[in-house]
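In this note's numbering, the protein residues as written are 16 to 150. Below: one structure, written as structure tokens.
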């Protein structure tokens with residue numbers, strides 16, 4: 016396999032290589048220790064192969080659980096540890112959109128903090144269709 020930028024590879028028009036009297040074809044990708052490398056070293060083939068087998072049902076289940084917990088927290092105000100983490104979005108002025116039922120999205124200090132319930136719940140909740148959100 017030959018690696019390089021698009022410009023370098025466009026100048027390199029070799030399809031096979033002669034090594035120690037044996038002719039070997041030039042490969043477009045190589046799999047080494049479970050990682051697929053391609054000519055541009057951008058891991059596109061490796062990532063697309065992994066994503067193909069990723070269980071998207073688990074992601075849907077997590078979103079459903081977050082939505083259910085958020086709904087239960089607003090209606091029953093319990094569990095209290097979750098109720099303290101989320102708050103409704105309040106406008107400073109009286110607007111038509113002030114009764115939308117959106118949640119306030121706090122600023123995450125890091126990428127890891129953005130995965131917590133207090134950050135994930137508002138994103139999932141605010142993405143719901145308006146007819147499903149209690150006002």
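Even glycine gets a Cβ: it sits at the ideal position worked out from N, Cα and C. Note that the coordinates shown come from a computational prediction; the quantities given were computed from them, not determined experimentally.
- Counting only residues of its own chain and dropping the five nearest sequence neighbours on each side, residue 119 has a CB closer than 6 Å to the CB of 102 and 104.
- Assignment of residue 87 by DSSP, reduced to helix, strand and coil, places it in the helix class.
- Here the alpha carbon of residue 74 sits roughly 15 Å from the alpha carbon of residue 84.
- Bounds of any beta strand (DSSP E) do not take in residue 27, whose DSSP letter is neither H nor E.
- Setting aside the 5 residues that flank it on each side, residue 88 is surrounded in the same chain by 97 and 98, each with a C-beta closer than 6 Å to its C-beta; the list follows chain order.
- In the three-state scheme derived from DSSP, where H, G and I count as helix and E and B as strand, residue 52 is classed as strand.
- Spanning the alpha carbons of residue 18 and residue 149 requires a straight line of approximately 56 Å.
- Looking at the backbone, the Cα of residue 37 and that of residue 79 are separated by about 58 Å.
- Shown here for residue 92: same chain residues with a beta carbon closer than 7 Å to its own, the five before and five after excluded, namely 98 in chain order.
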